[in-house]
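Counting in the working numbering, the sequence shown runs from 752 upward without gaps.
Backbone N, C-alpha and C define an ideal beta-carbon position, used for all residues, glycine too.
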Amino acid sequence: MIGVPVGLAYSNMLEWAIHKYLLHGWGKRRRSFWRFHFFDHHRASRQNEFRDADYAESVFQWNAQGKEALTLTLGTLAHLPLAPIAPFFTATVFYSSVRYYRMHRRSHLDPEWGREHMPWHYDHHMAPNQDSNWCVTHPWFDEIMGTRVPYKDTPREQLDRARRRKAREQRRARKLKRAS
């Protein structure tokens, strides 16, 4: 049974490390496979108030969501040989991967839900510094590593939201003016 808490801690640590070093480290390189995260997923989230339309599509497409699901599946299956000697740990890793995908997907389909229930992940995408707040499901490892930087409900976030709202209204007004 010790495999459950160990699996939860391990999964959160992996989430932090993979996000920081693969998705942002290697992912900022133009020729990297991992570029989908920073150049596609982050761009969509920033341009659409935390929403990423890829998550409304089929998971079997070669877009940011499909690549995320594939790498989660392969990474999770790599732990399968541990099942006979650490069944609770392995089951927890599987559970954590499914939970990661479901929570991440929901947060980007329902931005207000994500902002409310996963503020650390909202902070990762919407704050000026996107190189912090690496955890998605829970901020444990960010807190341990000192990389948790709050943004939601700060004066800076309020200013940024007002600025984005004004820009959205101006775009809408220009579009209406062109249509008339």
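Residues near residue i in its chain [Cβ-Cβ closer than 7 Å; skip 5 each side]
| i | result |
| --- | --- |
| Gln881 | His793 and His875 |
| Glu780 | Before going further, note that residue 780 is Arg rather than Glu in the sequence given. Within the same chain, Arg780 has close Cβ partners Arg786. |
| Ala930 | none |
| Ala807 | Leu860 |
| Tyr851 | Glu766, Leu823, Val887 and Thr888 |
Close Cβ partners of residue i (< 6 Å) along its chain, the five nearest in sequence each way excluded
| i | result |
| --- | --- |
| Met869 | Ser858 |
| Ser883 | Thr898 and Val900 |
Nearest-angstrom Cα separation, counted from residue j out to residue i
| i | j | result |
| --- | --- | --- |
| Asp739 | Ala842 | This structure cannot settle anything about residue 739, because the visible part of the chain is limited to 752 through 931. |
| Ser809 | Leu823 | 16 Å |
| Gly754 | Leu833 | 11 Å |
| Pro879 | Lys903 | 12 Å |
| Arg915 | Ala760 | 37 Å |
| Ser847 | Glu867 | 20 Å |
| Leu825 | Pro835 | 19 Å |
| Arg782 | Ile895 | 32 Å |
| Leu927 | Ala918 | 14 Å |
| Leu828 | Lys818 | 15 Å |
| Pro906 | Ala913 | 11 Å |
| Arg853 | Arg922 | 33 Å |
| Ala924 | Ile769 | 42 Å |
| Val849 | Glu920 | 38 Å |
Reference residue i; option with closest CA among the options
| i | options | result |
| --- | --- | --- |
| Trp891 | His872, Lys903 and Pro906 | His872 |
| Thr898 | Lys771, Ala924 and Leu759 | Lys771 |
| Phe845 | His830, Ala760 and Ile836 | His830 |
| Met752 | Ala837, Tyr852, Arg929 and Arg922 | Ala837 |
| Leu774 | Asp791, Val849, Pro879 and Asn799 | Asp791 |
| Asp911 | Gln798, Thr827 and Ala807 | Gln798 |
| Glu908 | Met877, Glu920 and Lys917 | Met877 |
| Glu863 | Arg925, Ser883, Ala924 and Asp803 | Asp803 |
Rounded distance between the beta-carbons of residue j and residue i, thought under 8 Å
| i | j | result |
| --- | --- | --- |
| Asn763 | His889 | 6 Å |
| Asp893 | Trp777 | Not quite, the Cβ-Cβ distance comes to about 20 Å (not below 8 Å), so this is no contact. |
| Phe840 | Val900 | About 31 Å; that fails the 8 Å criterion. |
| Asp805 | Ala820 | About 11 Å; that fails the 8 Å criterion. |
Neighbourhood of residue i by C-beta distance below 8 Å, restricted to the same chain and skipping five residues each side
| i | result |
| --- | --- |
| Gly865 | Phe801, Arg857, Ser858, His859, His872 and Tyr873 |
8 Å Cβ cutoff, residue i in contact with chain C
| i | result |
| --- | --- |
| Lys818 | Going by chain labels, chain C is absent from the structure shown, which holds only one protein chain. |
>> With three or more C-beta pairs closer than 8 Å as the rule, is the segment 806-821 touching the segment 776-788?
In response: yes
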